[in-house]
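Q:
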């Protein structure tokens with residue numbers, strides 16, 4: 030039998046195999062980095078969600094106390110943290126553990142609480158930074 034020489038030597042196949050292994054290792058390490066980033070983001074989201082629902086539960090308890098005060102013909106101001114405004118609305122805020130605050134405004138003119146505003150936002154106000162002059166080009 031006659032043997033035909035191979036067109037590709039041992040060196041070329043070794044280089045190809047090394048390139049494939051390096052590529053797979055690179056993709057594996059990138060996948061690990063992305064998985065860690067996703068886990069960190071998931072943890073932050075879980076903490077934020079828990080803080081929101083805790084603040085929501087406290088706000089609902091405060092609304093129930095306001096309703097009870099109205100049923101007993103008492104002023105909603107008897108509930109701690111509630112401010113009665115001139116237009117027969119009450120307002121209060123509930124701080125969350127993640128640096129946010131739940132601000133609630135309710136109408137009490139009808140003898141029961143009707144929620145007008147229920148906003149969850151940052152506890153700190155936005156502060157504009159002075160960035161100096163911006164390059165206009167040219």
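Residue numbers (our numbering): 30 to 167.
C-beta atoms are modelled at their ideal positions from N, C-alpha and C, and glycine is treated no differently.
(1) Counting only the same chain and skipping the five closest in sequence on each side, list residues whose C-beta sits under 6 Å from that of residue 87.
(2) What do you get for residue 91, buried or exposed, if any count of 16 or more other CB atoms within 10 angstroms of its CB means buried?
(3) With DSSP run on the structure shown, which of helix, strand or coil describes residue 102?
(4) Just the C-alpha distance for residue 134 and residue 111, rounded to the nearest angstrom, thanks.
(5) Can you look up residue 159 in the DSSP assignment and give me helix, strand or coil?
(6) Taking the continuous beta strand (DSSP E) assigned at residue 143, which residues delimit it?
(7) Kindly list the residues whose CB is nearer than 6 Å to the CB of residue 130, restricted to its own chain and excluding five residues on each side of it in sequence; keep chain order.
(8) Quick one: measure Cβ to Cβ for residue 94 and residue 141, integer angstroms, because I've assumed they're closer than 8 Å.
(9) State buried or exposed for residue 108, treating a residue as buried only when at least 16 other CB atoms are found within 10 Å of its CB.
(10) Since residue 117 and residue 136 should fall inside the 8 Å C-beta cutoff, what is the C-beta to C-beta distance between them, to a whole number of angstroms?
(11) Tell me which residues share the same chain as residue 84 and place their Cβ nearer than 6 Å to its Cβ, disregarding the 5 neighbours each side in the sequence.
(12) Are residue 75 and residue 127 touching if we call contact CB-CB under 8 Å?
A: On the basis of the coordinates in this document:
(1) Excluding sequence neighbours, residue 87 sits near 123.
(2) When all chains shown are included, residue 91 counts as buried.
(3) Here residue 102 sits in coil by DSSP.
(4) The alpha-carbon atoms of residue 134 and residue 111 are separated by roughly 10 Å.
(5) It is coil, neither helix nor strand.
(6) Here the beta strand (DSSP E) through residue 143 covers 143 to 151.
(7) Excluding sequence neighbours, residue 130 sits near 122, 124, 152.
(8) Incorrect: roughly 13 Å between the Cβ atoms, too far for contact.
(9) In summary, residue 108 is buried, with 16 or more beta-carbon neighbours lying within 10 Å of its beta-carbon over all protein chains present.
(10) Their Cβ separation, rounded to whole angstroms, is 7 Å, which keeps residue 117 and residue 136 in contact under 8 Å.
(11) Cβ contact annotation for residue 84 (same chain, cutoff 6 Å, sequence separation greater than five): 123, 125, 131, in chain order.
(12) No.
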